[in-house]
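Enquirer: Going left to right, the sequence shown walks through residues 3 to 145 as the working numbering numbers them.
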Amino acid sequence: MTREEITAMFQRREADWHAHNAAALASDHAPAAVVVSPTGGVLEGRDDIQRIYQVWFTAFPDLRFTERDLLIDGDRVALIMTVAGTHAGDFFGLPASGRHIQAVCAFVYTLKGNQIVHERRILDFTGVLVQVGVIRAKPAAGL
């Protein structure tokens, strides 16, 4: 894919994120794609990938992301963004807390042809769990 085609793909994906269209987002992945995610572990194939998108969209029905940087180097892409939303649905067995979350994420993609074949998602999942109230952060001594 050219740089322009990759940019267009990620602009379309941004619209799919805002529409909470898990099926469309998963369809950008190759049938045997792998996603490594702190929330879903190692996901293999579109069905697993779509499922984890849907988990987030169901748990945070107002989930939005703000793109910070899209870095393209040949068939490698890094997307740095902030996600934010309200915990209003089940999240991996955790009932809705009504609390707002915000996290900076980095997604690193490998493309082949016009599809994503590998994706690594990096985010502070522990920080998200603190924000929804599952775990408590203890202040550092002396602060």
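A virtual CB, placed ideally from N, CA and C, is assigned to each residue, including glycine.
Counting Cβ pairs, one atom from each stretch, are 3 or more of them under 8 angstroms apart for the region 95-102 and the region 68-77?
Expert: Segments in contact, no.
Enquirer: So what does DSSP say about Phe-62, is it helix, strand or coil?
Expert: In the structure shown, Phe-62 sits in coil (DSSP, three-state: anything other than H, G, I, E or B).
Enquirer: What residue from Leu-45, Ala-86 and Ile-82 has the CA that sits closest to Ala-61's CA?
Expert: The residue with the shortest Cα to Cα distance from Ala-61 is Ala-86.
Enquirer: Mind checking whether Ala-35 and Val-119 have CB atoms under 7 angstroms apart?
Expert: Contact flag set, yes.
Enquirer: Return the chain-ordered list of same chain residues with a C-beta closer than 7 angstroms to the C-beta of Phe-2, the five sequence neighbours on each side being excluded.
Expert: Absent from the model: residue 2. The displayed extent of the chain is 3 to 145, so no value can be given.
Enquirer: Give a yes or no on whether the C-beta atoms belonging to Gln-104 and Ala-32 are separated by under 7 angstroms.
Expert: Going by C-beta atoms, Gln-104 is not nearer than 7 angstroms to Ala-32.
Enquirer: Counting along the chain, where does the alpha helix (DSSP H) carrying His-20 start and finish?
Expert: Start and end: 5-20.
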